[in-house]
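J.:
There are 2 protein chains.
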Amino acid sequence: VRISVLGVGLIGGSIGLASREWLEDAEVVGFGRSAERLDRARELGAIDRGTTDLSEAVAGADVCFACGPVGVLPGLVEQALAGAPADCVVTDVGSTKRSIVEATADERFVGGHPIAGAETAGVEHARADLFQGATWYLTPAERSSGLLYERLHRVIVAFGARPVAIDAETHDRLLAAVSHLPHVLANVLVAQAATMLGEEGEALPRVGPSFRDATRVAGANTDMWTDIYVANAEAIAEEVEETIGRLQTVVNALRAGDAAALSGWNDGAREDRRRLLEADLAGGPVHELVVPVPNRPGIVAQLALALGRAGVNIVDMALAPAPDMSSGAITLWIAGDDAAERARAVVDQLDFGDRQPS
Amino acid sequence: VRISVLGVGLIGGSIGLASREWLEDAEVVGFGRSAERLDRARELGAIDRGTTDLSEAVAGADVCFACGPVGVLPGLVEQALAGAPADCVVTDVGSTKRSIVEATADERFVGGHPIAGAETAGVEHARADLFQGATWYLTPAERSSGLLYERLHRVIVAFGARPVAIDAETHDRLLAAVSHLPHVLANVLVAQAATMLGEEGEALPRVGPSFRDATRVAGANTDMWTDIYVANAEAIAEEVEETIGRLQTVVNALRAGDAAALSGWNDGAREDRRRLLEADLAGGPVHELVVPVPNRPGIVAQLALALGRAGVNIVDMALAPAPDMSSGAITLWIAGDDAAERARAVVDQLDFGDRQPS
Numbered sequence: 010v011r012i013s014v015l016g017v018g019l020i021g022g023s024i025g026l027a028s029r030e031w032l033e034d035a036e037v038v039g040f041g042r043s044a045e046r047l048d049r050a051r052e053l054g055a056i057d058r059g060t061t062d063l064s065e066a067v068a069g070a071d072v073c074f075a076c077g078p079v080g081v082l083p084g085l086v087e088q089a090l091a092g093a094p095a096d097c098v099v100t101d102v103g104s105t106k107r108s109i110v111e112a113t114a115d116e117r118f119v120g121g122h123p124i125a126g127a128e129t130a131g132v133e134h135a136r137a138d139l140f141q142g143a144t145w146y147l148t149p150a151e152r153s154s155g156l157l158y159e160r161l162h163r164v165i166v167a168f169g170a171r172p173v174a175i176d177a178e179t180h181d182r183l184l185a186a187v188s189h190l191p192h193v194l195a196n197v198l199v200a201q202a203a204t205m206l207g208e209e210g211e212a213l214p215r216v217g218p219s220f221r222d223a224t225r226v227a228g229a230n231t232d233m234w235t236d237i238y239v240a241n242a243e244a245i246a247e248e249v250e251e252t253i254g255r256l257q258t259v260v261n262a263l264r265a266g267d268a269a270a271l272s273g274w275n276d277g278a279r280e281d282r283r284r285l286l287e288a289d290l291a292g293g294p295v296h297e298l299v300v301p302v303p304n305r306p307g308i309v310a311q312l313a314l315a316l317g318r319a320g321v322n323i324v325d326m327a328l329a330p331a332p333d334m335s336s337g338a339i340t341l342w343i344a345g346d347d348a349a350e351r352a353r354a355v356v357d358q359l360d361f362g363d364r365q366p367s
Numbered sequence: 010v011r012i013s014v015l016g017v018g019l020i021g022g023s024i025g026l027a028s029r030e031w032l033e034d035a036e037v038v039g040f041g042r043s044a045e046r047l048d049r050a051r052e053l054g055a056i057d058r059g060t061t062d063l064s065e066a067v068a069g070a071d072v073c074f075a076c077g078p079v080g081v082l083p084g085l086v087e088q089a090l091a092g093a094p095a096d097c098v099v100t101d102v103g104s105t106k107r108s109i110v111e112a113t114a115d116e117r118f119v120g121g122h123p124i125a126g127a128e129t130a131g132v133e134h135a136r137a138d139l140f141q142g143a144t145w146y147l148t149p150a151e152r153s154s155g156l157l158y159e160r161l162h163r164v165i166v167a168f169g170a171r172p173v174a175i176d177a178e179t180h181d182r183l184l185a186a187v188s189h190l191p192h193v194l195a196n197v198l199v200a201q202a203a204t205m206l207g208e209e210g211e212a213l214p215r216v217g218p219s220f221r222d223a224t225r226v227a228g229a230n231t232d233m234w235t236d237i238y239v240a241n242a243e244a245i246a247e248e249v250e251e252t253i254g255r256l257q258t259v260v261n262a263l264r265a266g267d268a269a270a271l272s273g274w275n276d277g278a279r280e281d282r283r284r285l286l287e288a289d290l291a292g293g294p295v296h297e298l299v300v301p302v303p304n305r306p307g308i309v310a311q312l313a314l315a316l317g318r319a320g321v322n323i324v325d326m327a328l329a330p331a332p333d334m335s336s337g338a339i340t341l342w343i344a345g346d347d348a349a350e351r352a353r354a355v356v357d358q359l360d361f362g363d364r365q366p367s
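Structure (C-alpha cells):
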C-alpha cells in the first residue's frame, strides 16, 4: 500500500511512522517544501522517500494525508485531488472541517481530524504510537465513496486510533464547545488576571492549581490557533455567545444571593462532568454486525454517521458488494455489549429507501 | 505555646499536626461538636486534647485558628474572641475575607487564608506538611495588634508556609479573579458541552485534554463553594461581568474574521500566563532589614501591606519595642536579592507620619 504524506511534521511524521510500523508492505512518500526537512524525516524513518514535487508525491498513492495548518489545507487537498489516482482516498488532518468539506466535491475526499499531539511540533517528536487510543474524526459527505471510506477507516484502525464518523458541521460545533471555547476562556482568564494584578502594582500573584489547570492552553501556538479561529469563526462565536448568556445567569444568581440556585448549578456541573468523562471509557467484547445495504453513494456515510450519533465505536468495518454490484453488505465490528445492542437498534431503524426484502 | 483549633478537619487537623511538629512546647486543644471526631483527631496526633466546649478550647490560648466552612466562620470567630484571653491572636482560614474582617473590630483578630488542600476533606487526610511552601494570606486591619500579628506570622512561617499580607478587599478581588472565576467558567463549560451533546443524541463526546484541564474543578464541593459564592458574590459578579465584556470582544473579532486581532490576543495571553506563573517562582538568599517605627497601631499592617503589594516575600519578622514603648524596630527577613532591594525602596518611601529622626 502506498501512503502519501503531504507535510511531514508531528502529525504527518507520525502517520508515516505508523504506516511503516502497522501497514503491510507500506511505502510512504513524503512531500514538503524543504528538501532538508524531508531528509530529516527519512533519517527518522518517517518516510521511505521525499519529494518537493507534489504531483510526484501523490502519483500511485492509495491513501493521501494532507497534513498542515488549517489555513493551507484547502489548497493542499485541491492539488492532491488533481494529482492523485482515481482510486486514491484523500484526507486531511485539520481541526475544523466544514469549510474544507464544503469546498471539496470530489468523491475521493473524506475529511479527517485525529485528536492527538498538539503540545509539541516537528517531525522530531513524531511517534508510531501517537494515535494509539486516540479519537480520529472522519467527516464523510454523501458523495464520498464507500469503498474509499472503508480503506481509510481500516488504515486508521491499524494506527490504533478510534475512527468516529460525524458530519462536518456537528464536528465543528462539537470542537467549538469542547476545544475551541476552552482555549478562548483560557486566553480571557489570563488576560483578565494579568490586568487586575497589574493594577495592584507589582504584587506577585499567588495563583493556585485551579488557575493553572484552567489556563494551561492559554496562548497556544498562535499560527495554528489563528487559523482555527478564522476557519471555525461562526461556530465558536455562537458558543461564546451561549457562554455569555450562561455567565449572565450566574451574575444574576450571585447578585440575588440565591444560594439554592448556586448550589443546584454547582451540583449540575459536577454531574455533567462525570457523565461527559465517563462516557469516554466505553469498551468491552467486540461484536460482529452484518448490514445488507443497497450499493449506492451515501450509504456508508449514512450508516457511519447514525452509529456515531448513537455513541457506537466502530472498531473495524468491511464492505462486500454483491457480484452484480447492485447491493452488498457492510460488516461492522463493535466494541462493548451495550454498544452492539445500540448499533443493532440503529441499523434496524435506518431506512435505506431502496432496501430489498431479504 | 498553646494553640486552639476550632474545627478539626483537613485544615484544622493539619494546623494541629504542624503545631505539634514545628512549634516548641506546643499544646493543641481542639474544639468540635462531635466527641467522636475529636477522639479520632487525638488518635491521629492532630490535637493533644479535645473539647465540645468552645470557651474551654480557647481558655489560655496564645493562638486560635477558626477552621470551618466560610458560612460558619463569622459566628465561630465572634465566640472565640469572646472567650479568648486578652493577648491571644485569633485568625480564621476562610477563602473570602472582606465580610469577616469588616464584621470584626477586635484588635486581636487577623484574617487568614492558607492556599492549601481543597481536594480532600477530613482529618484523616491532615498532614503536618500540608502548608510547606504554600501561600498563606494574612489580612491585618489597621486596628490589628502588631505584636499579635507578628506572633501569628511566626507560627505560619514555622509551618513552612509563606505569609503574604494583603488587604481584605484586594484579597477577595484577587481570589475572585484567579480562583472563583475559574470555577465559574469550569461549571459553565461542562453545562454547555453537556447540553450540546445532549442535543446531538447519545453521542459519546470525545473530549480532549484541554477540556479536561479546563473543567477539572467543575462542580467542586457544593457546600463549600456555595458559601464562597455567597460570601464573595459582588467581587465574583464583577469579575464575571468583565469576562463577559472580554468575550464580546472576541465574538466581534471572530465575526469580523480579524486574524490580526485574534493573533495579537493569543500572543498576549501566552505572555500574560508566562509572567503570572513565573512571578511565583521568586526566591534566593535571605536578607535582614531593620525598620525603625513609631509604636502605634496600624504600623505593622501598613508595612506588611506595602511590602505585599511590592511582591516581597517576608520570610520572617520580629518586633522590638524600645524600652519606653514610644518607638521600636521591625526586623524583616526577605528572600531574594531583588526582593530585598524592592523592600528597601518601599521602606524608604513609607511615610510613618511621626517618624523620629534617627
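For the protein sequence lines, the chains are A and B, in the order given. Start counting the first sequence at 10; every next residue gets the next number (the numbering used here). Start counting the second sequence at 10; every next residue gets the next number (the numbering used here). Every residue gets a Cβ at the ideal spot worked out from N, C-alpha and C, and that includes glycine.
Nearest chain A C-beta to B:Val355 closer than 8 Å, yes or no?
T.: Judged by the 8 Å Cβ criterion, B:Val355 is not in contact with chain A.
J.: Please state whether DSSP places A:Ile323 in a helix, a strand or coil.
T.: Strand, per DSSP.
J.: Does B:Arg58 come out as helix, strand or coil in the three-state DSSP assignment?
T.: In this structure, B:Arg58 counts as strand in the three-state DSSP scheme.
J.: Taking only beta-carbon positions, decide if A:Ile323 is within less than 8 Å of chain B.
T.: It does not: the Cβ of A:Ile323 has no partner Cβ on chain B nearer than 8 Å.
J.: Going along the chain, which residues of the region 192-211 of chain B sit with their C-beta nearer than 8 Å to a C-beta in chain A?
T.: For the region 192-211 of chain B, which is checked against every Cβ of chain A, the residues closer than 8 Å are His192, Val193, Leu194, Ala195, Asn196, Val197, Leu198, Val199, Ala200, Gln201, Ala202, Ala203, Met205, Leu206, Glu209, Gly210 and Glu211.
J.: So the candidates are B:Val14, B:Arg42, B:Ser43 and B:Phe40; which of them puts its Cα closest to the Cα of B:Arg29?
T.: Taking only the C-alpha atoms, the option nearest B:Arg29 is B:Val14.
J.: Quick one: what does DSSP say B:Ala130 is sitting in, helix, strand or coil?
T.: Looking at B:Ala130 - three-state DSSP - the assignment turns out to be coil, as it is neither helix nor strand.
J.: Looking only at C-alpha atoms, which of B:Gly131, B:Asn230 and B:Trp145 sits nearest to B:Ile124?
T.: Among B:Gly131, B:Asn230 and B:Trp145, the Cα nearest to that of B:Ile124 is on B:Trp145.
J.: Here's the rule I'm using: 16 or more other beta-carbon atoms within 10 Å means buried, otherwise exposed. How should B:Arg264 be labelled?
T.: With fewer than 16 Cβ atoms within 10 Å of its Cβ, B:Arg264 is classed as exposed.
J.: Tell me the DSSP bridge mates of B:Asp101?
T.: B:Ala75.
J.: Grouping DSSP H, G and I as helix and E and B as strand, with all else coil, what is B:Ala265?
T.: Here B:Ala265 sits in helix by DSSP.
J.: Does the structure place the region 151-159 of chain B close enough to the region 308-318 of chain B that three or more beta carbon pairs sit under 8 Å?
T.: With the cut-off at 8 Å, the region 308-318 of chain B and the region 151-159 of chain B touch.
J.: Could you give the DSSP three-state label for A:Pro191: helix, strand or coil?
T.: Correct three-state label for A:Pro191: helix.
J.: On the DSSP bridge list, what partners appear for A:Gly120?
T.: Note: A:Gly120 sits in a beta bridge opposite A:Thr148.
J.: Relative to the C-alpha of B:His192, which residue among B:Gly207, B:Thr224 and B:Asp181 is closest?
T.: Residue B:Thr224 is the option with its Cα nearest to B:His192.
J.: Using only CA atoms, which one of B:Asn275, B:Val187, B:Ala143 and B:Val17 lies nearest to B:Ala170?
T.: Ranking the options by Cα distance to B:Ala170, first place goes to B:Ala143.
J.: What are the residues in the region 229-246 of chain A lying within 7 Å of chain B by C-beta distance?
T.: Listed in sequence order: Thr231, Trp234, Thr235, Tyr238, Val239, Ala242, Ile245 and Ala246.
J.: Which one of A:Ala114, A:Val355, A:Ile237 and A:Ala229 has the shortest CA to CA distance from A:Val86?
T.: Ranking the options by Cα distance to A:Val86, first place goes to A:Ala114.
J.: Pick from B:Ser108, B:Gly131 and B:Asp96: whose alpha carbon is nearest that of B:Glu116?
T.: Taking only the C-alpha atoms, the option nearest B:Glu116 is B:Asp96.
J.: So, at 6 Å on beta carbons, what are the nonlocal neighbours of A:Asp236 in its own chain, with the 5 sequence-adjacent residues on each side left out?
T.: Here the set comprises Pro78, Val79 and Gly80.
J.: If distances are taken between C-alpha atoms only, which option among A:Gly320, A:Ala167 and A:Thr148 comes closest to A:Gln141?
T.: Per the Cα distances, A:Ala167.
J.: When you compare only the Cα positions, how much space is there between B:Val173 and B:Ala348?
T.: When rounded, the distance between both Cα atoms is 13 Å.
J.: When you compare the CB of A:Phe168 with every CB in chain B, is at least one pair closer than 8 Å?
T.: Output row for A:Phe168: interface = no.
J.: Can the beta-carbon of B:Ala244 be found closer than 8 Å to that of A:Ala278?
T.: The answer is no: Cβ separation not under 8 Å.
J.: So if DSSP puts A:Leu298 in a beta bridge, which residue, or which two residues, is it bridged to?
T.: A:Leu298 is bridged to A:Leu341.
J.: Rounded to the nearest angstrom, what separates A:Leu341 and A:Ala319 at their Cα positions?
T.: Whole-angstrom Cα-Cα distance: 14 Å.
J.: I'd like to know whether the C-beta of B:Thr224 is nearer than 8 Å to at least one C-beta of chain A.
T.: Yes, B:Thr224 counts as interfacial toward chain A.
J.: Leaving out five residues on either side along the sequence, give the residues of the same chain with a beta carbon under 8 Å from the beta carbon of B:Asp62.
T.: Once the five neighbours on either side are set aside, the close Cβ partners of B:Asp62 are Phe40.
J.: In terms of residues, what are the limits of the alpha helix (DSSP H) holding B:Leu15?
T.: Segment Arg11 to Leu15 is the beta strand (DSSP E) holding B:Leu15; no alpha helix (DSSP H) there.
J.: Does the Cβ-Cβ distance between A:Val98 and A:Val132 come in under 8 Å?
T.: Cβ distance not < 8 Å, so A:Val98 and A:Val132 don't count as in contact.
J.: Would you kindly work out how many angstroms separate the C-alpha atoms of A:Leu90 and A:Phe361, rounded to a whole number?
T.: Cα to Cα, the separation comes out at about 30 Å.
J.: Which residues of chain B have a Cβ atom closer than 8 Å to the Cβ of A:Ala66, listed in chain order?
T.: Near A:Ala66 there are no residues of chain B at all, since even the closest Cβ is about 29 Å away, more than 8 Å.
J.: Which one of A:Ala185, A:Ile109 and A:Arg255 has the shortest CA to CA distance from A:Pro83?
T.: Answer by Cα proximity: A:Ile109.
J.: Is A:Ala112 close to the ligand NAP? I mean its beta-carbon at under 7 Å from any heavy atom of the ligand.
T.: The ligand NAP is not among the ligands present in this structure, which contains no ligands whatsoever.
J.: Contact defined as beta carbons within less than 8 Å: I believe B:Ala200 pairs with A:Asp346. What is the distance between those atoms, to the nearest angstrom?
T.: Not confirmed; about 30 Å, so no contact.
J.: Rounded to whole angstroms, what is the Cα-Cα separation between B:Val37 and A:Leu198?
T.: One C-alpha to the other measures close to 41 Å.
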